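A.B. asks: One structure, pasted below without further comment.
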Amino acid sequence: MTNYEIEMELDKASKALSKETQSVNLSYWNSGSEYKAKLKDILKYESGQDIFDYQYYLPESIKKSIANKLGFSSEDFYESQSFAFSQSTHSIVTIAVFLSQRNLKTGIIAPAYFTAQTCLDDLKVAYHVFNEFIPDFNQNFDIGPLINSDCEAFWFTSPINSTSVYFNQNVINDIQELLDAGKWVILDEALCVNGKELSRTLGIQKKLIYIYSPHKALGIQGIKFSVIVTHKKFTDEIDRLKDCYGGSLNYLSELGARHFISQNYDECLRFYNQFWSDNYKRVHQILANYHFAHVSPDISGHYAMIFLDGCIGTENFNFAIKKLIKEKGYLIFPGVMHGFDISKQFCFRINLLLNKTDLEKGLISVLDYMGKFIENA
């Protein structure tokens, strides 16, 4: 089954519940009501932008502040060019077209955000998925297969997709080795928590492309914006692609950009970090009661991948989860939907911005059920 088919099957099962019963998806991307209500009290932003004229660029007056907050030095800023988009999907599409026009075979380092592979497929860009490094990416990563391949560009996702785990120094050193070897590197840091950007280590280099969308990590979707950051050498080329595939900026893009460089963004970030970390501690306490379930100790963000000591096929998973939805009202998305191979070890994502009670009760219900299912498999 495709990821879309899995999602639609589970959605259908959820909608089959009575109107009085609403299912809770522990893997969902939206935050819980408690987090949203508290963050709403903190969030403050100006709203005086022009809503009539075509807006293509962010104001020059704020570009350097954005670059500095993303971790680029002043020297890097003058060697770089940034391109603003209304959302990171537009950034991904634009880079995919860039790779297509340059006929660059691309290595996708799994797990990666699904849009990247879909875009390369649709644009007929030759690619190879390197999925041999998961689940313990930082421990297993080996630059050898990449260097020895015929790929000319490599697409990394940081943090590691759906895990909130960031690359260790060995992986970062290997990325630099790829750049030194003349390879292109795309760093999709759209979900990166501010302060954890690889720009702070790698800076601006001629064949290095970054993607950012600073509000995504906070679970704020309404005023988000995205930027591609590249070496200034490619200004004209990517600017033309942005015009075709990114289009104009909406009203909320500039609003989001201005909010990002404000102190209020930092206040929101502090609350975000406190909220997810409190829920993460509770998840650790719950997992201590289940010997077959594990989570990384190195998380820094609101998504966590729970790994189970056993494998469950997609068909069996769908059967089990649809039954769990009906009996308990909870569901999860399998790790295969986020780029993980669950044929060897089953895993599923949880959102640490959910309401505490929903997360606690839901995780216990899922683990109780999955534990029996694995034992009987």
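Going by the numbering used here, the sequence shown opens with residue 325, and the numbers climb by one from there.
The beta-carbon is built from N, C-alpha and C at its ideal position, and this holds for glycine as well.
All figures in this text were calculated on a predicted structure; none of them were measured in a lab.
Which of the three DSSP states is assigned to Ser550 in this structure?
C.D. replies: The residue you call residue 550 lines up with position 226 of the sequence shown. Ser550 falls in the strand class under three-state DSSP.
A.B. asks: Please state whether the Cβ-Cβ distance between Ile636 and Ser488 is less than 8 Å.
C.D. replies: The residue you call residue 636 lines up with position 312 of the sequence shown. The residue you call residue 488 lines up with position 164 of the sequence shown. No, the Cβ-Cβ distance between Ile636 and Ser488 is not below 8 Å.
A.B. asks: Helix or strand or just coil, what does DSSP make of Trp600?
C.D. replies: As a working mapping, residue 600 is identified with position 276 in the sequence shown. Helix.
A.B. asks: Give the secondary structure of His452 by DSSP, where H, G and I count as helix, E and B as strand, and everything else as coil.
C.D. replies: For the purposes of this step, residue 452 is taken as the residue at position 128 of the sequence shown. The DSSP-derived three-state label of His452 is strand.
A.B. asks: Just how far apart, CA to CA, sit Glu329 and Asp665?
C.D. replies: Mapped onto the sequence shown, residue 329 falls at position 5. Mapped onto the sequence shown, residue 665 falls at position 341. Approximately 17 Å between the Cα atoms of the pair.
A.B. asks: May I ask you to list the residues that DSSP assigns as paired with Ile510?
C.D. replies: Indexing the sequence shown from 1 puts residue 510 at position 186. DSSP output for Ile510 lists Trp479, Ile533 as bridge partner(s).
A.B. asks: CB Phe401 to CB Ala391, shorter than 8 Å?
C.D. replies: Position 77 of the sequence shown, counting from 1, holds the residue named residue 401. Position 67 of the sequence shown, counting from 1, holds the residue named residue 391. For Phe401 and Ala391, yes; Cβs fall inside 8 Å.
A.B. asks: Would you call the CB atoms of Thr430 and Ala505 closer than 8 Å?
C.D. replies: As a working mapping, residue 430 is identified with position 106 in the sequence shown. As a working mapping, residue 505 is identified with position 181 in the sequence shown. Not in contact: Thr430 and Ala505 (Cβ atoms no closer than 8 Å).
A.B. asks: Where in the stretch 564-623 do unbroken runs of the beta strand (DSSP E), each at least 3 residues long, occur, reported from the N-terminal end onward?
C.D. replies: 617-619
A.B. asks: Measure the Cβ-Cβ separation of Arg454 and Asn464 and say whether it is below 8 Å.
C.D. replies: For the purposes of this step, residue 454 is taken as residue 130 along the sequence shown, with counting starting at 1. For the purposes of this step, residue 464 is taken as residue 140 along the sequence shown, with counting starting at 1. Note on identity: in this sequence residue 454 is Phe, with Arg being the wrong assignment. Not in contact: Phe454 and Asn464 (Cβ atoms no closer than 8 Å).
A.B. asks: For Gly468, which of Val495, Ser482, Asn485, Thr442 has the nearest alpha-carbon?
C.D. replies: Here residue 468 corresponds to residue number 144 of the sequence shown, with the count starting at 1. With distances taken between Cα atoms, Gly468 lies closest to Val495.
A.B. asks: Anyone know if the C-beta pair for Ser338 and Leu677 falls short of 8 Å?
C.D. replies: Here the question's residue 338 lines up with position 14 in the sequence shown. Here the question's residue 677 lines up with position 353 in the sequence shown. It is not a contact, given that the beta carbons lie outside the stated cut-off.
A.B. asks: Which full runs of the alpha helix (DSSP H) of 4+ residues lie inside the stretch 367-429, going along the chain?
C.D. replies: If only complete runs of 4 or more residues are kept, the stretch 367-429 shows the alpha helix (DSSP H) at 384-393, 398-403, 412-425, in order along the chain.
A.B. asks: Count the other CB atoms, across all protein chains shown, that sit within 10 Å of the CB of Asn700; report buried if there are 16 or more and exposed otherwise.
C.D. replies: Looking up residue 700 in the sequence shown gives position 376. Note that Asn700 scores 46 on pLDDT, short of 50, meaning its location in the model is unreliable and no value can be drawn from it.
A.B. asks: Can you tell me where the beta strand (DSSP E) with Cys671 in it begins and where it stops?
C.D. replies: Translated into the one-based positions of the sequence shown, residue 671 becomes position 347. Run containing Cys671: 671-675, per the beta strand (DSSP E) assignment.
A.B. asks: Counting along the chain, where does the alpha helix (DSSP H) carrying Leu526 start and finish?
C.D. replies: Counting from one through the sequence shown, the residue named residue 526 turns up at place 202. 523-526 is the extent of the alpha helix (DSSP H) around Leu526.
A.B. asks: Taking the beta strand (DSSP E) that Ala340 belongs to, which residues open and close that run?
C.D. replies: In the sequence shown, residue 340 corresponds to position 16, counting from 1. Unbroken run through Ala340: none, as it is neither H nor E.
A.B. asks: So, at 6 Å on beta carbons, what are the nonlocal neighbours of Glu651 in its own chain, with the 5 sequence-adjacent residues on each side left out?
C.D. replies: In the sequence shown, counting from the first residue as 1, residue 651 sits at position 327. Contacts found: none.
A.B. asks: Are the beta-carbon atoms belonging to Gly695 and Tyr604 less than 8 Å from one another?
C.D. replies: Counting from 1 along the sequence shown, the entry for residue 695 is found at position 371. Counting from 1 along the sequence shown, the entry for residue 604 is found at position 280. For Gly695 and Tyr604, no; Cβs fall outside 8 Å.
A.B. asks: Do Pro459 and Gln669 have their C-beta atoms within less than 8 Å of each other?
C.D. replies: In the sequence shown, the residue the question calls residue 459 occupies position 135. In the sequence shown, the residue the question calls residue 669 occupies position 345. Yes, they are a contact pair.
A.B. asks: For Val690, does the three-state DSSP call read helix, strand or coil?
C.D. replies: What you label residue 690 is simply residue 366 of the sequence shown in a count that begins at 1. Here DSSP, grouped into helix, strand and coil, assigns Val690 to helix.
A.B. asks: Can you find at least 3 beta carbon pairs, one from the stretch 437-448 and one from the stretch 571-589, that sit closer than 8 Å?
C.D. replies: no
A.B. asks: Look at the Cβ atom of Lys702, then the Cβ atom of Asn518, and state whether they are nearer than 8 Å.
C.D. replies: In the structure as shown, the chain starts at 325 and stops at 701, and residue 702 therefore has no counterpart that could be examined.
A.B. asks: Can you tell me the Cα-Cα spacing of Leu363 and Asp590, whole angstroms?
C.D. replies: For the purposes of this step, residue 363 is identified with residue 39 of the sequence shown, where counting begins at 1. For the purposes of this step, residue 590 is identified with residue 266 of the sequence shown, where counting begins at 1. If I take the Cα positions, the gap works out to 12 Å.
A.B. asks: Which of the three DSSP states is assigned to Leu678 in this structure?
C.D. replies: Counting from one through the sequence shown, the residue named residue 678 turns up at place 354. Here Leu678 sits in coil by DSSP.
A.B. asks: Should Gly571 be labelled buried (16 or more other beta-carbon atoms within 10 Å of its own) or exposed?
C.D. replies: As a first step, residue 571 must be located in the sequence shown, where it is residue number 247. Classification of Gly571: exposed, given that the 10 Å Cβ count is below 16.
A.B. asks: Taking Cβ positions, are Phe657 and Phe672 nearer each other than 8 Å?
C.D. replies: By 1-based counting over the sequence shown, the position of residue 657 is 333. By 1-based counting over the sequence shown, the position of residue 672 is 348. Cβ atoms of Phe657 and Phe672: closer than 8 Å.
A.B. asks: Under the assumption that His662 contacts Ser550 (Cβ atoms under 8 Å), give the Cβ distance between them as a whole number of angstroms.
C.D. replies: Reading the sequence shown from its first residue, position 338 is the one you call residue 662. Reading the sequence shown from its first residue, position 226 is the one you call residue 550. No, His662 and Ser550 are not in contact; Cβ-Cβ is about 20 Å, not under 8 Å.
A.B. asks: Below 8 Å between beta carbons: does that hold for Ile547 and Tyr369?
C.D. replies: In the sequence shown, counting from the first residue as 1, residue 547 sits at position 223. In the sequence shown, counting from the first residue as 1, residue 369 sits at position 45. Contact flag set, yes.
A.B. asks: When you compare each of His555, Ser537, Gln411 to Lys520 by their alpha carbons, which one comes out closest?
C.D. replies: Stepping through the sequence shown from its first residue, residue 520 is reached at position 196. When only C-alpha atoms are compared, the closest one is Ser537.
A.B. asks: Could you check what DSSP says for Val517 in three-state terms: helix, strand or coil?
C.D. replies: Mapped onto the sequence shown, residue 517 falls at position 193. Three-state DSSP puts Val517 in coil, outside helix and strand.
A.B. asks: Here's the rule: buried if 16 or more other CB atoms are within 10 angstroms of the residue's CB, otherwise exposed. What is Ile412?
C.D. replies: The sequence position of residue 412 within the sequence shown is 88, counting from 1. One detail in the question is off: residue 412 reads as Ser in this sequence, not Ile. Buried: at least 16 other Cβ atoms inside 10 Å.
A.B. asks: Helix, strand or coil: which one does DSSP assign to Ala701?
C.D. replies: Along the sequence shown, one-based indexing puts residue 701 at 377. Model confidence at Ala701 stands at a pLDDT of 42, short of 50, so the residue's coordinates are unreliable; what they give is reported in the following sentence. If DSSP states are grouped into helix, strand and coil, Ala701 belongs with coil.
A.B. asks: If we count the other Cβ atoms within 10 Å of its Cβ and call it buried at 16 or more, is Tyr451 buried or exposed?
C.D. replies: Against the sequence shown, residue 451 aligns to sequence position 127. By the neighbour-count criterion, in which 16 or more other beta carbons inside 10 Å mark a residue as buried, Tyr451 falls on the buried side.
A.B. asks: Taking the alpha carbon of Gly634 as the point to measure from, which residue in Leu511, His618, Thr345 has its own alpha carbon closest?
C.D. replies: Your numbering for residue 634 matches position 310 in the sequence shown. The residue with the shortest Cα to Cα distance from Gly634 is His618.
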